[in-house]
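So for the sequence shown, my numbering puts the first residue at 5; every next one is plus one. Before any comments, here is the structure.
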Amino acid sequence: MRRLGILLAAAVTYLFAAWMVAPGFYDGFGPPQPYSWTCPPPQAGANVKPSSGHLDIKVINGVSDANSAFTEDGQVVIGFLPGAFDSTGKTTISVDIVPLASCPQPTGLRFVTNVYQIAATAPLVKSANLVLRYSNLEPDPSDVFQASDPSGPWKSIGRSEQAQPFTVDTTTKTFGYFAAGYSSASPPPSLVTVGGGQTLPIVVAVLIVVVVLAGLPLAVLRRRGSSAGARDDDET
């Protein structure tokens, strides 16, 4: 029972530390590298400016190849299916991703990523898949927003329900300016504001405690069984 008590105490301590300490708790759950900000928040500490990206897509027999453009720091990835572009009269199509040098915050919106301009030398005829990475220092964005000009107007283009941790996925059929965020009038629901507002690590910590507590009755029964067996052996 002493070992079980120690294990339970460790699990509870882990949960308490997860609740109180940030952002170190997220080291096992966060992005593979710190987010590169155009305008870093005060808690970001040292910062490296965000990177741009460039891709040349081949056009073969009038059809553009499948490919993906991404920034060098991996914070933006946009993927294209075969024939995604109107490639009339072209042999290659160039795609550029450039972080905006400023950080607009339109009225009624709160961006939690940099603003990126994505442009190409041909228009899209099929939807492209867009992935934006965000920081564990910010709340989970509810939508991806798009505009033809940084000053707006900005419109929501939604987000996929399935995405890797600290990324937000969507699709687009037009280029322009993109950022992830949420309505400042109604922050993301069910938000646990711990070190930037991520709920996943807290859920994991709670599950650890639940598993430990669920195993206690079985462990007690086994220990009682072992003690009873030992007494039977002594009597024999």
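We treat Cβ as the ideally placed atom computed from N, Cα and C, and that holds for glycine.
Quiz item: Since Lys62 is in the beta strand (DSSP E), which residue starts that stretch and which ends it?
Solution: The sequence position of residue 62 within the sequence shown is 58, counting from 1. Lys62 -> beta strand (DSSP E) spans 57-64.
Practice problem: Give me whichever residues DSSP pairs with Tyr120 in a beta bridge. | Solution: Taking the first residue of the sequence shown as position 1, residue 120 is located at position 116. DSSP lists Pro103, Phe182 as the beta-bridge partner residues of Tyr120.
Quiz prompt | 8 Å Cβ cutoff met for Leu136 and Thr176 | solution = The residue you call residue 136 lines up with position 132 of the sequence shown. The residue you call residue 176 lines up with position 172 of the sequence shown. Not in contact: Leu136 and Thr176 (Cβ atoms no closer than 8 Å).
Self-check item: Which of helix, strand or coil DSSP assigns to Gln1
Solution: Because the chain here runs from 5 to 240, residue 1 falls outside it and cannot be looked at.
Exercise. Leaving out five residues on either side along the sequence, give the residues of the same chain with a beta carbon under 7 Å from the beta carbon of Gln109.
Key: Working through the sequence shown from its first residue, we reach residue 109 at position 105. Around Gln109: Phe115.
Quiz item: With a CB to CB cut of under 7 Å and the five nearest residues on each side skipped, what residues in its chain are close to Thr174?
Solution: Here residue 174 refers to the residue found at position 170 when the sequence shown is read from its first residue. Within its own chain, the residues whose Cβ lies closer than 7 Å to the Cβ of Thr174, once the five positions on either side in sequence are excluded, are Leu134, Val148, Ile161, Gly162, Arg163, Ser164, listed in chain order.
Self-check item: Beta-carbon separation (whole angstroms), Thr42 vs Gly57, contact threshold 8 Å
Solution: One-based indexing of the sequence shown puts residue 42 at position 38. One-based indexing of the sequence shown puts residue 57 at position 53. Not a contact, Cβ separation roughly 15 Å.
Self-check item: Continuous beta strand (DSSP E) stretch holding Ala70: start and end
Solution: On the sequence shown, position 66 is the one that residue 70 refers to. Here Ala70 belongs to no beta strand (DSSP E), and DSSP marks it neither H nor E.
Quiz prompt | The beta strand (DSSP E) enclosing Val148, as first and last residue numbers | solution = Here residue 148 refers to the residue found at position 144 of the sequence shown. Segment 147-151, the beta strand (DSSP E) holding Val148.
Quiz item: Considering only C-alpha positions, which residue in the set Gly156, Asn65, Pro86, Ile61 is nearest to Gly112?
Solution: Stepping through the sequence shown from its first residue, residue 112 is reached at position 108. Comparing Cα-Cα distances from Gly112 to each of Gly156, Asn65, Pro86, Ile61, the minimum goes to Gly156.
Quiz item: Ala132 by DSSP, collapsed to three states: which one?
Solution: In the sequence shown, residue 132 corresponds to position 128, counting from 1. Three-state DSSP puts Ala132 in a strand.
Quiz item: Got a sec, what are the start and stop residues for the beta strand (DSSP E) Ile82 sits in?
Solution: Along the sequence shown, read from residue 1 onward, the residue named residue 82 stands at position 78. Start and end: 80-84.
Quiz item: Taking just the CA atoms, how far does Pro154 sit from Ala126?
Solution: The sequence position of residue 126 within the sequence shown is 122, counting from 1. The sequence position of residue 154 within the sequence shown is 150, counting from 1. Their backbone Cα atoms lie some 21 Å apart in a straight line.
Quiz item: Ala189: which of Gln150, Ser146, Ala183, Thr178 sits nearest, CA to CA?
Solution: Start at 1 with the first residue of the sequence shown, and residue 189 comes out as number 185. Of the candidates Gln150, Ser146, Ala183, Thr178, the one whose C-alpha sits nearest the C-alpha of Ala189 is Ser146.
Quiz prompt | Continuous beta strand (DSSP E) stretch holding Leu113: start and end | solution = Position 109 of the sequence shown holds residue 113. Per DSSP, Leu113 is one residue of the beta strand (DSSP E) stretching across 113-115.
Exercise. Name the two residues that bound the continuous beta strand (DSSP E) containing Asp144.
Key: Working through the sequence shown from its first residue, we reach residue 144 at position 140. Going by DSSP, Asp144 is part of no beta strand (DSSP E) at all; its letter is neither H nor E.
Quiz item: So, are the CB atoms of Ala50 and Phe84 less than 8 Å apart?
Solution: The residue given as residue 50 occupies position 46 in the sequence shown. The residue given as residue 84 occupies position 80 in the sequence shown. Between Ala50 and Phe84, the C-beta spacing is not below 8 Å.
Quiz item: Among residues of its own chain, excluding the 5 on either side of Val99, which ones have a beta-carbon nearer than 6 Å to its beta-carbon?
Solution: In the sequence shown, residue 99 corresponds to position 95, counting from 1. So the list reads Leu59, Ala73, Ala124, once near-sequence residues are dropped.
Exercise. Please list, in chain order, all residues of the same chain as Ala105 whose beta carbon is under 8 Å from its beta carbon, the five residues on each side excluded.
Key: Here residue 105 corresponds to residue number 101 of the sequence shown, with the count starting at 1. Residues of the same chain with a CB within less than 8 Å of the CB of Ala105, apart from the 5 flanking positions on each side, are Thr42 in chain order.
Self-check item: Anticipated Cβ contact below 8 Å, Ser40 with Pro54, distance rounded
Solution: Numbered from 1 along the sequence shown, position 36 holds the residue referred to as residue 40. Numbered from 1 along the sequence shown, position 50 holds the residue referred to as residue 54. Going by Cβ atoms, the distance from Ser40 to Pro54 rounds to 4 Å, so yes, they are a contact pair.
Quiz item: Starting from Val172 and walking both ways along the beta strand (DSSP E), at which residues does that stretch end?
Solution: Looking up residue 172 in the sequence shown gives position 168. Per DSSP, Val172 belongs to the beta strand (DSSP E) from 171-176.
Self-check item: Nearest to Val63 (by Cα), restricted to the options Val81, Pro46, Pro45, Gly87
Solution: The residue labelled residue 63 in the question sits at position 59 within the sequence shown. The shortest C-alpha separation from Val63 is found at Gly87.
Quiz item: Quick one: Cα of Pro44 to Cα of Ala151, how far?
Solution: Here residue 44 refers to the residue found at position 40 of the sequence shown. Here residue 151 refers to the residue found at position 147 of the sequence shown. If I take the Cα positions, the gap works out to 22 Å.
Quiz prompt | Nonlocal neighbours in the same chain, by C-beta distance under 8 Å from Lys159, ignoring five residues either side | solution = Working through the sequence shown from its first residue, we reach residue 159 at position 155. The answer, listed in chain order, is Phe149, Gln150, Ala151.
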